[in-house]
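Chains as they are written, first to last, in this note's numbering: chain A, 1 to 443; chain B, 444 to 931.
This is the structure we're talking about:
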């Protein structure tokens, strides 16, 4: 049985006013039943006796008519759920992600935060749009073999777009602790980007050295992590099929999945209650391994690919059963490079290139070469002779992630970052050569 | 339920709301999938709750809760007013709503077979028979199928006196066959990609789709793509099948005409629009052949954007969006109608569920079919040199909706009026108004399909909505082709 939900509040502003302001509370109980290898799930948001009885009956009725699944494992007990802990790679516990300060944010406090952002916009003769949100959520899992786990978390988020007549700038940040957010500082950075990118000029599409700010990095690399899954390898839909153990990226790329990282958020157990391991996915450019749900690991051990996929064991990354996707890593942390560079240092070292604040509407073009397309947005600048020269019209890119992560010339210290196309990660800014812009739009 | 909603309205009004509406919604859904001969997921879910939307001190507030007890309703309604008062701290003018006559109404999606009355065994048997057909073709490495059914019952009451009870049904089904070989993954989907075809219908939709009958052909095409030539780069005439054209309409017409985007309300997330207010009734959006409507009425068809009333109680309407190529209309709401000089909302405000704020959403945004009889085969026969592209594989467009790029699952080169070879990885790109002005032929009504897009994302917090898009295969001249692989 999974229990999830909580309270969520969001104040939305545009044109220098609050135009939407919402709050909701909802909890869902989701029940999975198993009968001789048959399983199914039903969910409701009603917790009265009759509704709970009905949701169990619905789950049973769905499960009984399934075909037996030979790969279905018994639910894990409490001991098995902790058995995959790896002391070598795991910190003792995830840090607390519940902060009373965040739960006490009222509509009035959010409005005062928005007022600061609007005042910054007015000071620069700009208009602003964005959000200020806060939430308090729970995730729990209980099963008939005695497993019982519970996670609570808070999150506050600020996202700001500043708009000038022909340009815009953007910043976004979130944290379990509201004290870590500074709406005024974010507003000033977004405003500066909008002002500095005004009167943008068109430069031709082509291959450029680009500097992607962290939000741009996470939004584009996020498109590959669905593939770091044992099930994706078994399904032959992963770009890592036949490539695990090979050096796919540059020597300077090391990527972990680490739910315990202090800048990460999220639940320390997976959809079956298994403890999430901390794992190296990529080390010095070599793809080391993928993640596994329990049943996926058992299937992989019996598959023809078992000798070509690195370590095979449940890693605590499974989705709630039943599902067809298996698992994926969701707490991505890029390792700090040997010689981190600040964004300013990257710009100063660039003879000619493009600084990208944010990417948008990214979609996969080629699943095996991992080519993705998308647009730049809200602050794209030409760099010449080590200096930001001016705003440029936004580009469309068609870029292989394999090539991109092989062409990284410099990185910053990774930071917690949030975009709109992928989940939050701990990522650096990156300076990348030969980034493939294929078209220019009209603004 | 009406008593609960009325109680919420009373509380909101007593607390100082000058306008209030309450929506109580019960949603039920069933999702079944198979993968390579096994059931992938089997789940039922149900969700019930209430939201209260108010104007107080001239600003909006919204609160929602699963709790429908008397005390729960009181807390939710009072909270909505408190939130509105906070909103009023950062306002310039009071919100004003276009007038709308209150109505009392009952409406249910016309359907023949309640999809929840069909046994799960029958549904799974259908999916597994499709799966078997797909995997009977050598070279298929992954077969996925899906069936989805939804029922949404809603009570809408407002402080102005509206009392509307609507029950909407929708169904969706589709499948995809993947072929991995060498360094390439190819796929084909039917009847459309990303979940297949969806409409506001009962189970009869599933019977109409001829799912099993097309499975082997689809699988064979997926495998054959490995032997096809790469899509060339250059400028070509292209013909889009109706499903791809449906998505083209969605992205390059449906989103830019949303008045909340135009007014900057989505600037932080979904983006704005190139269709600034000065372009209304002045911009030549497309060629003379282009006629597009936003039509939520039942007579347009069973699209995912079909209803009797929107989520602020405005009746379904048909708005001419593009008329003989001229841009003539936006999607509007009661709050935004006055900005385009209208004294009534276009009736497009919808919410994903009981706990989400209604916002401007596409209804059925459809390109009307050509008036002269024209089949797809006749259109191909009249094309000297071009590429036919079918079934979307990737889609992307900038945040003002100018520059787009679409990839399709399969293409066919046309020479001298005949399909001469299969092409893999076809893609095309362009600028919205240039593209629609290059349209020179639309197939007629017999080739027209009302497609459903079940996954349109917008808003903060993001809401997913179903939209409808009617289209017939059409031809576009001198389009940039193949840039998705340029430089790779």
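Just so it is clear, CB atoms sit at the ideal spot from N, CA and C, and this is done for glycine as well.
In this structure, residue 526/B and residue 504/B form a Cβ contact; the two beta carbons are roughly 4 Å apart against a cut-off of 8 Å.
In the displayed model, residue 346/A falls within a helix according to three-state DSSP. Within 9 Å of the CB of residue 174/A, no CB atom of chain B is found; the nearest one sits about 13 Å away. Taking 9 Å as the Cβ-Cβ cut-off, the stretch 9-23 of chain A approaches chain B at 9, 10, 11, 12, 13, 14, 15, 16, 17, 18, 19, 20, 21, 22 and 23, given in chain order.
For a Cβ distance threshold of 8 Å, residue set 20 and 22 of chain A lies close to residue 800/B, ordered along the chain. Under the three-pair Cβ rule at 8 Å, the stretch 335-354 of chain A does not count as touching the stretch 126-142 of chain A. Interface annotation, residue 292/A: not in contact with chain B, CB-CB separation never under 9 Å. At a C-beta separation below 8 Å, residue 584/B has these neighbours in chain A: 235 and 236. The Cβ-Cβ distance between residue 274/A and residue 121/A does not fall below 9 Å. In this structure, the alpha-carbon of residue 838/B lies about 12 Å from that of residue 375/A. Residues of the same chain with a CB within less than 7 Å of the CB of residue 617/B, apart from the 5 flanking positions on each side, are 589, 632, 633, 634, 635, 638, 639 and 640 in chain order. For the stretch 122-133 of chain A, the residues whose beta carbon sits under 9 Å from a beta carbon of chain B are, in order, 127, 128, 129, 130, 131 and 133.
Taking CB atoms only, residue 618/B has no neighbour in chain A less than 9 Å away.
With 16 or more neighbouring CB atoms inside 10 Å of its own CB, residue 478/B falls in the buried class.
For residue 154/A, no Cβ of chain B is located within less than 9 Å of the residue's own Cβ.
Contact with chain A is found for residue 504/B, since one of that chain's Cβ atoms lies less than 9 Å from the residue's Cβ. Contact between residue 220/A and residue 371/A fails: their C-beta atoms lie close to 11 Å from each other, not under 8 Å. Using a Cβ distance threshold of 9 Å, residue 562/B and residue 593/B do not count as a contacting pair.
The Cβ atoms of residue 291/A and residue 386/A do not sit closer than 9 Å to each other.
Every unbroken stretch of the beta strand (DSSP E) spanning 3 or more residues and falling wholly within the stretch 685-766 of chain B is given here in chain order: 735-738 and 761-766. Residue 912/B: member of the beta strand (DSSP E) spanning 906-914, first to last residue. Taking a C-beta distance under 9 Å as the contact criterion, residue 84/A and residue 318/A do not qualify as a contact pair. The C-alpha of residue 266/A is placed about 14 Å away from the C-alpha of residue 417/A.
Take the alpha-carbon of residue 814/B and the one of residue 888/B: they are about 8 Å apart. Residue 837/B carries a strand assignment under DSSP once its states are collapsed to helix, strand and coil.
At the C-beta level, residue 730/B and residue 831/B stay beyond 9 Å of one another. Check the Cα spacing between residue 833/B and each of 844/B, 856/B and 847/B: the tightest is with 856/B. The DSSP-derived three-state label of residue 497/B is strand.
Distance from the CA of residue 35/A to the CA of residue 793/B, rounded to the nearest whole angstrom, comes to 41 Å. Look at residue 56/A here: in three-state DSSP terms it is helix. In the structure shown, residue 306/A adopts helical secondary structure according to DSSP, grouped into three states. Contacts with chain A (Cβ-Cβ distance below 7 Å) from the stretch 824-856 of chain B involve 837, 838, 839, 840, 841, 842, 843, 845, 846, 848 and 850, listed in chain order. Among the CB atoms of chain B, none fall inside 9 Å of the CB of residue 222/A. Straight-line spacing of the CA atoms in residue 786/B and residue 723/B works out to 16 Å.
Under the DSSP assignment, residue 923/B falls in the beta strand (DSSP E) whose first and last residues are 917-924. Short of 6 Å from the beta carbon of residue 207/A, and not among the five residues preceding or following it, lie these beta carbons of its own chain, in chain order: 434 and 436.
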